[in-house]
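**Student:** Have a look at this one.
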Amino acid sequence: MTIAGSDSGGGAGIQADLRTFAFHCVHGTSVLTCITAQNTQGVTRVDAMSAESVTAQFEAVMTDMQVGAIKTGMLLNQDIIKTVAKKLVAFGFGNVVVDPVMVSRAGAQLIDDEAVKTIRELLIPLAAIATPNRYEAQILADMEIKTLADMQTAAQKIYKLGARSVLVKGGGMLQDLRAVDVWFDGEGFEVLKTEVIDTNHTHGTGCTLSAAIAANLALGKPRFQAVVDAKNYVTEALKYALAIGKGQGPVGHFFPLLSK
Ligand code: PXL
């Protein structure tokens, strides 16, 4: 299940998540939190779903289907974040990947300050895996991140907020940390490195990564393996990124199939 927003341009959000689930051959269900009017150049409008609708969507699926894993993406406001946290607790659901969508990969804040606080207090403690990008990790850990050591410290701090494991993504970093992510699960650190794919068409990478992790969890993979495989999938999808639209195009979710 993905609990996230819609991207009319089809590059990020629910659209990216469902495509990622399909690629992994798991059945995707969705709880829509908001609808963005968006293309490859940016977001022009956001409409929130009501908390009642979010609850109803969640309950409809959870009371009927065997959900293997959940990822949360753009939850937009405090009301929706509280609702999602409450429902996860009520259903005792622990296999949750929390992509704490606050700031885009390009550095633009996507939700308000109140919502940021609620993510830290209510949602991070429910995460089996939290996947903040560099900017989100800076906010959650309340520190600046410039180096690999900073990424590790931030991962540790976010772990202390209650996430059972943390992946701090270096995607927005410069130079040699561009494709480096840091994993911490309370026992030790892992530094994940993949080749850097030189493309401007990176829209939806964060959503795709967390959705792929959730799909891998649903398939029964252990947490760290789920993350490693998901990162490799994003790297492949980046190789097939689509130069469509006038701005940042989406990653090519199904295009790795072309090479097989
Ligand atoms: O990647 C963050 C994100 C999540 N969800 C939706 C988005 C975006 C970024 O554009 O549009 C719906």
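Here the sequence shown stands for residues 15 to 274, where the numbers follow this note's numbering. We treat Cβ as the ideally placed atom computed from N, Cα and C, and that holds for glycine.
1) Which word fits A19, buried or exposed, when buried means at least 16 other C-beta atoms lie within 10 angstroms of its C-beta?
2) At which residues does the beta strand (DSSP E) containing L206 begin and terminate?
3) On the criterion of 16 or more Cβ atoms from any shown chain inside 10 Å, does C48 qualify as buried, or is it exposed?
4) Only counting runs of 4 or more residues, tell me where the alpha helix (DSSP H) segments fall wholly within the region 140-165, in order along the chain.
5) Are the CB atoms of D126 and G87 nearer to each other than 8 Å?
6) Taking all protein chains shown into account, do 16 or more other C-beta atoms lie within 10 angstroms of the C-beta of M116, making it buried, or fewer, making it exposed?
7) Under 7 Å from any heavy atom of the ligand PXL, does the C-beta of T50 make it?
8) I believe A177 touches A141 by the beta-carbon criterion, under 8 Å. Please report the beta-carbon distance rounded to the nearest angstrom.
9) Out of L271, V98 and G23, state which residue places its alpha-carbon closest to the alpha-carbon of V111.
10) Do you know offhand how far G184's Cα is from K101's?
11) As a quick exercise: from G108, G106, V68 and A251, pick the residue whose alpha carbon is nearest that of Q92.
12) Which complete beta strand (DSSP E) runs does the region 171-241 hold, if anything under 3 residues is left out?
13) Pick out whichever of T54, F268, G234 and A62 has its Cα sitting closest to the Cα of G24.
14) Verify the contact flag: M79, CB atom, against every heavy atom of the ligand PXL, threshold strictly below 7 Å.
15) Quick check: does the Cβ of A228 come within less than 7 Å of any heavy atom belonging to the ligand PXL?
16) Distance check for A144 and L191, CA to CA, integer angstroms please.
17) Is it buried or exposed for M15, if we count other Cβ within 10 angstroms and need 16 for buried?
18) Along the chain, where does the alpha helix (DSSP H) that runs through D31 open and close?
19) Assuming I227 and I172 form a contact by the criterion Cβ under 8 Å, report the distance between their Cβ atoms to the nearest whole angstrom.
20) Along the chain, where does the alpha helix (DSSP H) containing D93 start, and where does it finish?
21) So, helix, strand or coil for T54, using DSSP?
22) Check each candidate in G56, A193, C39 and V180 and name the one with the smallest Cα separation from R237.
23) Can you give the Cα-Cα distance for Q29 and I153, rounded to whole angstroms?
**Tutor:** So, from the listed chains and residues:
1) Residue 19 sits at position 5 when you count from the first residue of the sequence shown. Residue 19 is actually Gly in this sequence, not Ala. Burial call: buried.
2) Position 192 of the sequence shown, counting from 1, holds the residue named residue 206. Start and end: F203 to K207.
3) Residue mapping note: residue 48 aligns to position 34 of the sequence shown, counting from 1. The residue is buried, with at least 16 neighbouring Cβ atoms inside 10 Å.
4) You should have 148-155.
5) Numbered from 1 along the sequence shown, position 112 holds the residue referred to as residue 126. Numbered from 1 along the sequence shown, position 73 holds the residue referred to as residue 87. The answer is no: Cβ separation not under 8 Å.
6) Here residue 116 corresponds to residue number 102 of the sequence shown, with the count starting at 1. Its Cβ being crowded by 16 or more others within 10 Å, M116 is buried.
7) Position 36 of the sequence shown, counted from the start, is the residue given in the question as residue 50. Under cutoff, so the answer is yes.
8) In the sequence shown, counting from the first residue as 1, residue 177 sits at position 163. In the sequence shown, counting from the first residue as 1, residue 141 sits at position 127. Correct: roughly 4 Å between the Cβ atoms.
9) Residue 111 sits at position 97 when you count from the first residue of the sequence shown. Looking at the Cα atoms, V98 is the closest of the given residues.
10) Taking the sequence shown and counting its residues from 1, the one referred to as residue 184 is at position 170. Taking the sequence shown and counting its residues from 1, the one referred to as residue 101 is at position 87. A straight line joining the alpha-carbon of G184 with that of K101 spans about 31 Å.
11) Locating residue 92 in the sequence shown gives position 78, counting from the first residue. Nearest of G108, G106, V68 and A251 to Q92, Cα basis: V68.
12) Here the runs fully enclosed are 180-183, 194-198 and 203-207.
13) Position 10 of the sequence shown, counted from the start, is the residue given in the question as residue 24. The option with the nearest alpha carbon to G24 is T54.
14) Residue numbering aside, residue 79 sits at position 65 when the sequence shown is read from its first letter. Answer for M79: no, Cβ out of range of the ligand PXL.
15) As a first step, residue 228 is located in the sequence shown; it is residue number 214 there, counting from the start. No - the ligand PXL has no heavy atom lying nearer than 7 Å to the Cβ of A228.
16) Here residue 191 corresponds to residue number 177 of the sequence shown, with the count starting at 1. Here residue 144 corresponds to residue number 130 of the sequence shown, with the count starting at 1. The alpha-carbon of L191 is positioned some 19 Å away from that of A144.
17) Against the sequence shown, residue 15 aligns to sequence position 1. Classification for M15: buried.
18) One-based indexing of the sequence shown puts residue 31 at position 17. Element bounds for D31: G27 to F37.
19) Here the question's residue 227 lines up with position 213 in the sequence shown. Here the question's residue 172 lines up with position 158 in the sequence shown. Not confirmed; about 16 Å, so no contact.
20) Counted from its first residue, the sequence shown places residue 93 at position 79. That run of the alpha helix (DSSP H) goes Q92 to A104.
21) Translated into the one-based positions of the sequence shown, residue 54 becomes position 40. Here T54 sits in coil by DSSP.
22) The sequence position of residue 237 within the sequence shown is 223, counting from 1. Residue V180 is the option with its Cα nearest to R237.
23) Looking up residue 29 in the sequence shown gives position 15. Looking up residue 153 in the sequence shown gives position 139. Those two C-alpha atoms are separated by around 27 Å.
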